[in-house]
């Protein structure tokens, strides 16, 4: 059985692991301009009560799937905004293997580029300051739930990425809005976000249902 869940269910992700599963992970693969895949892999861990649990994060960015595009269109409309584009930032797979049942979930994490008004520089700086004030503690809390915060090959921590960017009103301290992101790929997102909010292709049209092979 595989459960497919899209959009931003990070509270569900946290609740599934809140009983104390900790996992370390490694980065492997290479991201290329053609859309290669960077992968953060958690090992199989024993679940209290029996069974094993594994989490894998695949990093984009990619064009949103039709499901994510529809989600974003509804999300923007529900808040009184128009959708200008959608960027699929990461795909999270979580799989459980037990003696009797096998189950899994899949989370598409995307930024919905609604026509949100941009914050002023002062407002943006204030939001960034809130994030910097909690950054070290946030990584520690992440480690308590998921193991060590992901690290680059040189040992430096992955940067944190706000899915809804701070410039467009993203919450700087909300778990649902933050994901560890490899530095080299993270640094390309500013230009892609600018394209998306400007309603430029390829972010205005849907791509495939999955960004990589099963």
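Residue numbers (this note's numbering): 249 to 462. No residue lacks a Cβ here, since even glycine has one placed at the ideal position from N, Cα and C.
Looking only at C-alpha atoms, which of the options sits nearest to residue i?
{"i": "residue 379", "options": "337, 366 and 423", "result": "423"}
{"i": "residue 413", "options": "329, 360, 322 and 325", "result": "360"}
{"i": "residue 295", "options": "288, 303 and 289", "result": "303"}
{"i": "residue 406", "options": "458, 372 and 430", "result": "430"}
{"i": "residue 420", "options": "292, 377 and 362", "result": "377"}
{"i": "residue 402", "options": "436, 432 and 388", "result": "432"}
{"i": "residue 342", "options": "362, 300 and 329", "result": "300"}
{"i": "residue 327", "options": "355, 354, 364 and 292", "result": "364"}
{"i": "residue 297", "options": "438, 400 and 344", "result": "344"}
{"i": "residue 400", "options": "447, 434, 381 and 353", "result": "434"}
Grab me the residues of residue i's own chain with a C-beta within less than 7 Å of its C-beta, minus the 5 sequence neighbours each way, in chain order.
{"i": "residue 338", "result": "305, 306, 307, 308, 357 and 427"}
{"i": "residue 454", "result": "311, 312, 313, 314 and 317"}
Locate the alpha helix (DSSP H) running through residue i, then write down its first and last residues.
{"i": "residue 295", "result": "Element bounds for residue 295: n/a, residue is neither H nor E."}
{"i": "residue 454", "result": "Neither: residue 454 is in no alpha helix (DSSP H) and is coded neither H nor E."}
{"i": "residue 319", "result": "314 to 326"}
{"i": "residue 447", "result": "Segment: none, residue 447 is in no alpha helix (DSSP H) and carries neither H nor E."}
DSSP beta-bridge partners for residue i?
{"i": "residue 300", "result": "294 and 345"}
{"i": "residue 427", "result": "409"}
{"i": "residue 334", "result": "360"}
{"i": "residue 306", "result": "287 and 339"}
For the beta strand (DSSP E) holding residue i, just list the boundary residues, first then last.
{"i": "residue 288", "result": "286 to 289"}
Given residue i, which residues of its chain have a CB within under 6 Å of its CB, disregarding the five upstream and five downstream residues?
{"i": "residue 320", "result": "331, 334 and 360"}
{"i": "residue 350", "result": "none"}
{"i": "residue 372", "result": "414 and 415"}
{"i": "residue 323", "result": "360"}
Does any heavy atom of the ligand GTP sit closer than 6 Å to the C-beta of residue i?
{"i": "residue 409", "result": "In the structure shown, the ligand GTP is absent, as is every other ligand, since no ligand is present at all."}
Quick one: residues in its chain with C-beta nearer than 8 Å to the C-beta of residue i, no 5 flanking neighbours on either side, listed in chain order?
{"i": "residue 383", "result": "408"}
{"i": "residue 440", "result": "309, 335 and 451"}
{"i": "residue 397", "result": "387, 390, 391, 405, 406 and 428"}
{"i": "residue 367", "result": "375, 414, 415, 416 and 417"}
Open item on the list: For a minimum of 4 consecutive residues, which ranges assigned as the alpha helix (DSSP H) are wholly contained in the region 348 to 421?
Closed with: 369 to 394
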